[in-house]
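Engineer: Can you read through this structure? Questions will come right after.
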């Protein structure tokens, strides 16, 4: 068994990143997002599914041609190769867990 501390994971812009391939070949990558109002990634896509679990705050998600506002306790699943992005559209922090169903990140920025 491996035990990690979220605070010890590498930080990239708005999230701590766990890359499964770097931890014994685990089959997922996980982002622990903590985004301030107005923050979020630009439009992009992945060759695998991505699961968003909103824990706190509100985010506006664009997935393909659809725009949704999600709040705490809601989960969105984005199919492979589907353009998507999100932004913290609330007044406080947006905290969520993003699961990439792949041992390594593969992102195409659009």
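Numbering (the working numbering), first residue to last: 643 to 752. We put the beta carbon where it would ideally sit given N, CA and C, even for glycine.
With a 10 Å radius around its C-beta and 16 neighbouring C-beta atoms as the bar for buried, classify residue 646 as buried or exposed.
Structural biologist: As a position in the chain shown, residue 646 is number 4, starting the count at 1. Residue 646 should be labelled exposed.
Engineer: Beta-carbon separation of residue 729 and residue 702 under 8 angstroms?
Structural biologist: Taking the first residue of the chain shown as position 1, residue 729 is located at position 87. Taking the first residue of the chain shown as position 1, residue 702 is located at position 60. Yes, Cβ-Cβ distance for residue 729 and residue 702 is below 8 angstroms.
Engineer: In or out: residue 677 buried (at least 16 other Cβ within 10 Å) or exposed?
Structural biologist: Locating residue 677 in the chain shown gives position 35, where the first residue counts as 1. The residue in question, residue 677, is buried, as its Cβ has 16 or more Cβ neighbours within 10 Å.
Engineer: Closest to residue 665 by C-alpha separation, out of 745, 749, 740, 650, would be which residue?
Structural biologist: Position 23 of the chain shown, counted from the first residue, corresponds to residue 665. Comparing Cα positions, the closest option is 745.
Engineer: Specify, as a first and last residue, the run of the beta strand (DSSP E) that residue 738 falls within.
Structural biologist: Position 96 of the chain shown, counted from the first residue, corresponds to residue 738. Unbroken beta strand (DSSP E) run through residue 738: 736 to 742.
Engineer: Among the residues of its own chain, which have a CB less than 8 angstroms from the CB of residue 644, if the five just before and after it don't count?
Structural biologist: Counting from 1 along the chain shown, the entry for residue 644 is found at position 2. 665, 666, listed in sequence order.
Engineer: Suppose contacts are defined by Cβ-Cβ distances below 8 angstroms. Is residue 736 in contact with residue 675 by that definition?
Structural biologist: By one-based count along the chain shown, residue 736 stands at place 94. By one-based count along the chain shown, residue 675 stands at place 33. Yes; because the gap between Cβ atoms is below 8 angstroms, this pair is in contact.
Engineer: Hey, how far is the Cα of residue 706 from the Cα of residue 681?
Structural biologist: Here residue 706 is taken as the residue at index 64 of the chain shown, counted from 1. Here residue 681 is taken as the residue at index 39 of the chain shown, counted from 1. For residue 706 and residue 681, the distance between alpha carbons rounds to 20 angstroms.
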